[in-house]
Amino acid sequence: MSDSAETILDVRDLHTHFFLRRGVVKAVDGVSFTLRKGEVLGLVGESGCGKSLTALSVMRLLPKGAARTVQGEIVLDGENILKRTPSQMREIRGRKISMVLQDPQTSLNPVFTIGDQLREALVRRAPAKLKEIIKQAVAALRRVDIAAPEQRIGQYPHQMSGGMKQRVVGAIAISGEPEVLIADEPTTALDVTIQLQYLKLLKRLQRENGMAILFITHDFGVVARMCDRVAVMYAGRIVECGPVKQIFEAPSHPYTRALIASVPKMTGTRGRLTAIDGQPPSLMNLPAGCRFASRCAHVEPRCLEAYPGTTQIGADHTADCWKIGSI
Amino acid sequence: MSAAAEKQLLRVANVRKYFAFTKGILFSRTLGHVKAVDDISFEIRAGETLGLVGESGCGKTTISRMILNLEEPTEGYILLDDEPIHGLEGEALKAYRTKVQAVFQDPWSSLNPRMTAGRIIAESLIVTKWGDKDKIAARVAELLKQVGLRPDQAQQYPHEFSGGQRQRVALAAALASSPKLIVLDEPVSALDVSIRAQMMNLLKDIQAERNVAYLLVAHDLATVRHMSDHTVVMYLGKIVEKAPTQALFDDVRHPYTKALFSAVLIARANQEDEEIVLQGEVPSPLNPPSGCRFHTRCPYVMPRCSQEEPKLRDVTPGHAVACHLFD
Amino acid sequence: MAVAEQHPPAAPEIPEPHQSFWRSLLNVRSSAGVRRTARVPWIPIVIISVIVIMAVFAPLLAPYSPIDQTLRDKLLPPAWMEGGKDRYLLGTDQFGRDILSRLIYGARVSLLVALLALTAGGGVGLVIGVVSGYVGGKVDAVLMRLVDAAFTFPAILFALLLAVTMGQGIGTLVIAISLLLWAGFARVIRGEVLALRQRDFVQLARVRGCSSLRIMATHIVPNVLNTFMVLVTLNIGVVIIAEASLSFLGAGIPPPTPTWGLMISEGRGRIAEAWWVALIPGIAITLLVLSVNLFGDWLRDRLDPRLRQL
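Taken in sequence, the protein lines are chains A, B and C.
Each residue of the first sequence is one higher than the last, beginning at 1 in our numbering.
Each residue of the second sequence is one higher than the last, beginning at 1001 in our numbering.
Each residue of the third sequence is one higher than the last, beginning at 2001 in our numbering.
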C-alpha cells in the first residue's frame, strides 16, 4: 500500500465501555487506526481484547443498554458517523459499510429462502421489478461461486452447508456495493479447506470491487494470507500496527513477538513452545501503566507507571512500548 | 524409532462404524447407513502421541468415541494391551475406564458447573473407591499442582476459572486414575492463542513424566506436528495417509493431505507458492462417492479413481498412502 | 487453528448462570451482568409470608375454633359493617362460625395439600423427566406418550371417582392433584435434560466410570434443580385452585374441616344476602395465587432466562 492512498475509514481515539452494576468494563479504550481505500487491514487479538466491539462500534450496532461509545470519532468517507441519527445510519449500513459475522448459522433467517433474504437487500439498494431482482439475486450468488444459483435461491439455509451459507452471507453483505466491509472472524466456524476457499473468494471480491476490508481475526495465519496491514490489539488498545511483512519479520512490541513465537510452526524444530505466562488484565481494573507489563519479559519500572506513547518505527509502522529500539 | 521393540498399547483393527439412519422411534425402519468410519486400522504405542487429522465428518470423533467405549464398532475390534475393549461389563469395564481417559475441546462444557474443581478431579477416584476422603484430597492437591494450579483452588467452582485454567482442571481430572492413554479431542483449539502454547507444553511435560500415551484429535496440522510422533490423516471415514510425523511432514504424498497443507495458513507473509485449493464441499457420508472417496475433489483424478477403491499401502517403510497415484 | 472463540465477544466476565440455587437468590448483586429482570417483588413476598405464618401458627392466631358453631351469631357481617360485631372481625357463616378463624385454619389445609401434591407430582415428574431425557430411545418414546395421555386426562372427573371409591380426604386430594401436575413437570425437565445430555461433562462422567444412575443423580439432577424450583413456584397457584375447585365440587376435604374452596362452596347459596361468606376466602385465594405467580415469574427470570418462552 502506498502512503498516498486515500483514507476511507478513520477511527480516532475510540472508547467503548460496558456499564455494569459492578463497574465499568473498558473493552475498547483508546483505539485509533485508519483504513485506506482498497486495502485489507487485519485487526488481531485474543478473545476479550475488544476487536469485535471495535467493529460493532464502527457499525454502530452496540448491544443496547449495555455498551456505549463514550469518546472518539469514526470518520467514514469524510463524515463522523457518530453524529448520524439511527435512520441515517440505516442508510449508511449496507451501502457504505457492511459486515460479515462469524456464524453463518445465525446470520441467516431460517424461515426465509436464500432468494428472499437476498431480495430484501437488493430492493433496498434499488427498487425494481421482481423479475429484475431475481436476475440480480442469481448474479449475486454466481459472483460468490455458488453452483446452480437458479435452484439455490428457492432453498432454505438449512439445505446448505456451512461454507455455502457463509458465501450467501457474503453475497448479501456486498450486494449494496459497500466501500468498507467488516469481516468478523468469517472463517472461524468453517473447515480448513473450506476456509481457504472462502478467503480466496473474499480476496477476489475485494479486488473486483475495490472495497476496503477490516478483517477481524485471532489467527495470524489468516492475516498472512489476507491482509496488507495488521493492527494487533491487547486489552482494549492497539499495541502495534504496520505492514504484514514487517510485523511478521520484525515484530517490535513484546506482545506481538511473544504471540508469533507461541504459535506452533510447520517447519523447523519441534521443541518446547515459548509460552506467554499469565492472563490478560481485567478490563474492569486496568493497570496504570502498560497493559502487557505483568506478562512482559522486558518489563522495567516505568512500564508499570505510565502507558507508553506511540512510537514511529518505520514509515507505516508504529508500536506502543517504552523500550522500542532497546530490546 | 524401532517399531518392534516398543510395546503396542492400543490396536484399532479394521474397525467400521455404521450409524443406521432410521425413521420412527417405537416401530422404526432403517432408511440407510452413515458410514462414519469404514475399515480403519492403526496402533498407538505406550507413551507416544498419535495425531488424528481431518475435517468435520471424517470420522475422527467417532473413532475416539469408540476408543473411549462410548460407542461399539459395527465391525472390527479395538484392543488395549491385547485385550478386546468392547463387550466389557461391570468391574472389567470400570477397570478399562481407569486406563483410558479423555480431555475434550470445550472447557466451558466439560466441567459440571455444580461441582467444585476438587470434586470434578476426584470423580474417577470416588467411583472406583480408590481410597478414603483424606487420601483422595491429598491426591487431588497433588494433581492440581501437577497441572500448574494451586491446591486451594480445589474449592473453586468452574465459573471462577479462566478458559485455560478450566482446561487444566479437565486435564487433572483425566489424570486422576493414572490412565495409560488419554484421548485429547481438540484440546487447545477453544483456547486463546497465547494460552495454547502453555497447554501444549503442559501436555508434553506430563507425557514425559508419566509415560502416558495420547490420541490427539485435531484439525490443525501445526499442532499435530508439534505434539505427535505418528500422524493419521482421515477423509470421509477412511485413512488416506499414515506415517511417522516427521516423515509425513517432510514428504507429503496424498493429494488430500497436500490440500490440507495448503490450507494451513502459516504465520508468514507472502506465501502463495504451489497450493491446492479444493473445489466444492465434503460429500455426505450417507452416500459417499464410489471408488476413492476423494475423487470428486481431487485435482489429480484419473478414470480408475471413481471405480476402484485404493488400498492403503506403504510407499516407503512406515509411510502408507491410499491413492492410485502410487500404485 | 480455527474453532476458537465460539463464545460471544459480549461483556467479559459475565458470571456463569449456574450458581447454586440459594446463592443466586441471596446474592442479589453478583448476578448476570446487565440485569433487566424486575425488582424483588416485596409485596407478594409479604403476602406469602403472612399466609404461611397464619398456616403454621393457626392454633395460636385464630381467635376461635374453626368448627364450633354458635348458631345465635350466624351470618354476621364483618365488624366494620352495620350489624357486625367486634368479636367477629370478618363476620360469621350460616352456622355462626368465625370466618377469620376458618380462613386461618383453611390456609393450613390449602398449603399442606400444595406441599404434598407438589412434592409427589413434582417429584414423579422430575424422575420421569430425567429418566426419559437421559435414557432416551424407546423408554423416552413410551414415557412421553404417557405424558401426552396425562394431558388429555380428565383430572376432575377422576378426582370425583377417587372420592367415591376411596372416600374424601387429604390423601384423595393429593393423589388427584399430583396426577394433574406430573406430566407438565416431566415434559419441561425432559427438555432441559436433553440439552444437558449433550454437554461434555455428562459424556466425560461416563468415561470416568460413572453408572447411568450415578450420572443422573450427581450430574443431571443438580443441574435441573433451578428449573424444578421455578416450576414448583409457578404451580403453587394451580394446586391451590385445584384444591378449591375439588373441595367446592365435594371431592375434596369433607366438612366441617375448613378449606378455602369449601368455604366458597358453602357460601355460594347465600351470595346475595351474605356475600362475605364466599367472597372473603375468594379474595384470599386470589391474593395468594397472584402473589405466588408474581414471585414465580421473578424467580424464573432470575434463575433461568431460557424458561421465559414458556
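No residue lacks a Cβ here, since even glycine has one placed at the ideal position from N, Cα and C.
Exercise. Residues in its own chain within less than 8 angstroms of E305 (chain A) by CB, not counting five upstream and five downstream?
Worked result: A288 and G289
Exercise. In the DSSP assignment, what are the bridge partners of R237 (chain A)?
Worked result: A:Y234
Exercise. In chain B, which residues lie less than 8 angstroms from L2139 (chain C) when you measure between Cβ atoms?
Worked result: Per the sequence presented here, residue 2139 (chain C) reads as Val, with Leu not at that position. Neighbours of V2139 (chain C) on chain B: none; closest Cβ ~10 angstroms, over 8 angstroms.
For this session: With DSSP as the reference, label Y1018 (chain B) as helix, strand or coil.
Result: strand
For this session: Could you give the DSSP three-state label for H317 (chain A): helix, strand or coil?
Result: strand
Exercise. Do A2155 (chain C) and L2173 (chain C) have their C-beta atoms closer together than 8 angstroms?
Worked result: no
Problem set entry | Enclosing alpha helix (DSSP H) for I1121 (chain B) [first to last residue] | A1117 to V1127
For this session: Could you tell me the distance, in whole angstroms, from the CA atom of I1239 (chain B) to the CA atom of V1232 (chain B)?
Result: 7 angstroms
Problem set entry | M2216 (chain C): first and last residue of the uninterrupted beta strand (DSSP E) it sits in | Note, M2216 (chain C): premise wrong, no beta strand (DSSP E); not H, not E.
Exercise. Under 9 angstroms Cβ-Cβ, which residues of chain B neighbour H218 (chain A)?
Worked result: D1192 and V1193
Exercise. What residue range is occupied by the uninterrupted alpha helix (DSSP H) comprising E59 (chain A)?
Worked result: Residue identity check: residue 59 (chain A) is Met in the sequence provided, not Glu. K51 to M59 is the extent of the alpha helix (DSSP H) around M59 (chain A).
Exercise. Cβ of E46 (chain A) within 8 angstroms of Cβ of P280 (chain A)?
Worked result: yes
Exercise. Does at least one heavy atom of the ligand MN sit under 7 angstroms from the Cβ of K135 (chain A)?
Worked result: As far as ligands go, the structure on display features none, and thus does not contain the ligand MN.
For this session: Quick one: which residues of the region 1277-1307 of chain B get their C-beta closer than 9 angstroms to a C-beta of chain A? List them in chain order.
Result: V1277, L1278, Q1279, G1280, E1281, V1282 and R1297
Exercise. Listing by chain order, which chain B residues have their CB less than 8 angstroms from the CB of Q166 (chain A)?
Worked result: In chain order: nothing, as chain B lies at least about 12 angstroms away.
Problem set entry | Paired residues, beta bridge with S1177 (chain B) - DSSP | BP columns for S1177 (chain B) are empty, so no partner.
For this session: Using a Cβ-Cβ cut-off of 8 angstroms, state whether R2197 (chain C) counts as contacting chain B.
Result: no
Problem set entry | Members of the region 1225-1257 of chain B that neighbour chain A once the beta carbon cut-off is set at 9 angstroms | R1225, H1226, M1227, T1245, Q1246, F1249 and Y1256
Problem set entry | DSSP state of S98 (chain A) mapped onto helix, strand, coil | strand
For this session: Check the Cβ of V1217 (chain B) against every Cβ in chain A and list those closer than 9 angstroms, keeping chain order.
Result: What V1217 (chain B) touches in chain A: nothing, since even the nearest Cβ is about 14 angstroms away.
Exercise. Among the residues of its own chain, which have a CB less than 6 angstroms from the CB of N1000 (chain B), if the five just before and after it don't count?
Worked result: The requested residue 1000 (chain B) is not part of the displayed model; chain B covers only 1001 to 1327.
Problem set entry | Which of helix, strand or coil DSSP assigns to D1192 (chain B) | coil
Exercise. Hey, E2192 (chain C) and T2165 (chain C): beta-carbon distance below 8 angstroms or not?
Worked result: no
Exercise. Using a Cβ cut-off of 7 angstroms, which residues of the region 1099-1129 of chain B contact any Cβ in chain A, in chain order?
Worked result: none
Problem set entry | M226 (chain A): first and last residue of the uninterrupted alpha helix (DSSP H) it sits in | F220 to M226
Problem set entry | Own chain partners of A2079 (chain C) with C-beta closer than 7 angstroms, once the 5 adjacent residues on each side are dropped | K2085, D2086, Y2088 and L2089
Exercise. With C-beta atoms as the reference, is L2118 (chain C) less than 8 angstroms away from I2236 (chain C)?
Worked result: yes
Exercise. Quick one, which of C:A2141, C:I2240 and C:F2201 has its alpha-carbon nearest V2292 (chain C)'s?
Worked result: C:I2240
Exercise. By Cβ distance, which residues of its chain are closer than 7 angstroms to L273 (chain A), with the 5 residues on each side in sequence left out?
Worked result: S262 and P264
For this session: Give me the Cα-Cα distance between M1200 (chain B) and R12 (chain A), rounded to the nearest whole angstrom.
Result: 38 angstroms
Problem set entry | Cβ of L1202 (chain B) within 8 angstroms of any chain C Cβ | no
Exercise. In its own chain, which residues sit with a C-beta less than 6 angstroms from the C-beta of H2219 (chain C), not counting the 5 before and 5 after it?
Worked result: V2202 and A2205
Problem set entry | Cβ of E46 (chain A) within 8 angstroms of any chain B Cβ | yes
For this session: Flag this pair as yes or no: are the beta carbons of L2116 (chain C) and F2185 (chain C) separated by less than 8 angstroms?
Result: no
Exercise. Roughly how many whole angstroms lie between the Cα atoms of G1032 (chain B) and S1284 (chain B)?
Worked result: 13 angstroms
For this session: Locate the alpha helix (DSSP H) running through R119 (chain A), then write down its first and last residues.
Result: I114 to R125
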